[in-house]
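Participant: Under this note's numbering, the first residue of the sequence shown carries the number -3, and numbering increases by one thereafter. Beta carbons are placed, not taken as given, at the ideal position from N, Cα and C, and that holds for glycine. No experiment lies behind these values; they were computed from the predicted model shown.
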Amino acid sequence: MNEQEFSSVLNAQNIYVKDSELEDLQLLSGGAPGIAVEIHEKNGIKFYQEWMDLLINISPAQMEKLQTLCNNWNSKLDFALMTQIITGCLARIIKIAAGEHSNNSQLQALARRQSVDYWLDFWERTNKILSDTPRLYLDSSQVLLEVSLGMAGYKVAF
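(1) Using the rule of at least 16 other Cβ atoms within 10 Å of the residue's Cβ for burial, across every protein chain shown, is Q80 buried or exposed?
(2) Work out the CA separation of N100 and Q45 for me, nearest whole Å.
(3) Is DSSP giving H155 helix, strand or coil here?
(4) With burial defined as no fewer than 16 other Cβ atoms inside 10 Å of the residue's Cβ, what is the status of M(-3): buried or exposed?
(5) Skipping 5 residues on each side, what residues in its chain have a beta carbon closer than 8 Å to that of G84?
(6) Does the segment 29 to 42 come close enough to the segment 62 to 80 to have 3 or more Cβ pairs within less than 8 Å?
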């Protein structure tokens, strides 16, 4: 579904999104309007944009902000929605790393930090830890922090 069709489906549900957020919403929802509505209703775009800003500009001084955001994100969004946002973002990063064009400068910057092989391996490890989190009762805020650090280019334990 292209961006115009996606927007029309959302508008039919009385969901009106700024043009600047539409591409992000489509990316994060994997093009699924039902998931897009949930992300929109729970301010997932706001969390995503804050998260991306921190990942792009990560420094030791920013770690506390990232931890706070991960804790807030965990308390405001359910884990399944967080997983959707993370995997949607990672899928796009992999495509960009493999050479697909994107107008999203933040995702381009993240994709350029590592090779496509790194991103594919990270995708596998991330999907495993995300699927293990509820089953093993892992701390979802900590998992989100570890995934975030891995996306920012830090070596992570999972």
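Facilitator: From the atom records:
(1) buried
(2) 12 Å
(3) Residue 155 lies beyond the range of the chain shown here (-3 to 154); nothing can be said about it.
(4) Counting Cβ neighbours within 10 Å, M(-3) comes out exposed, since fewer than 16 surround it.
(5) L23, L24, S25 and G26
(6) Yes, they touch.
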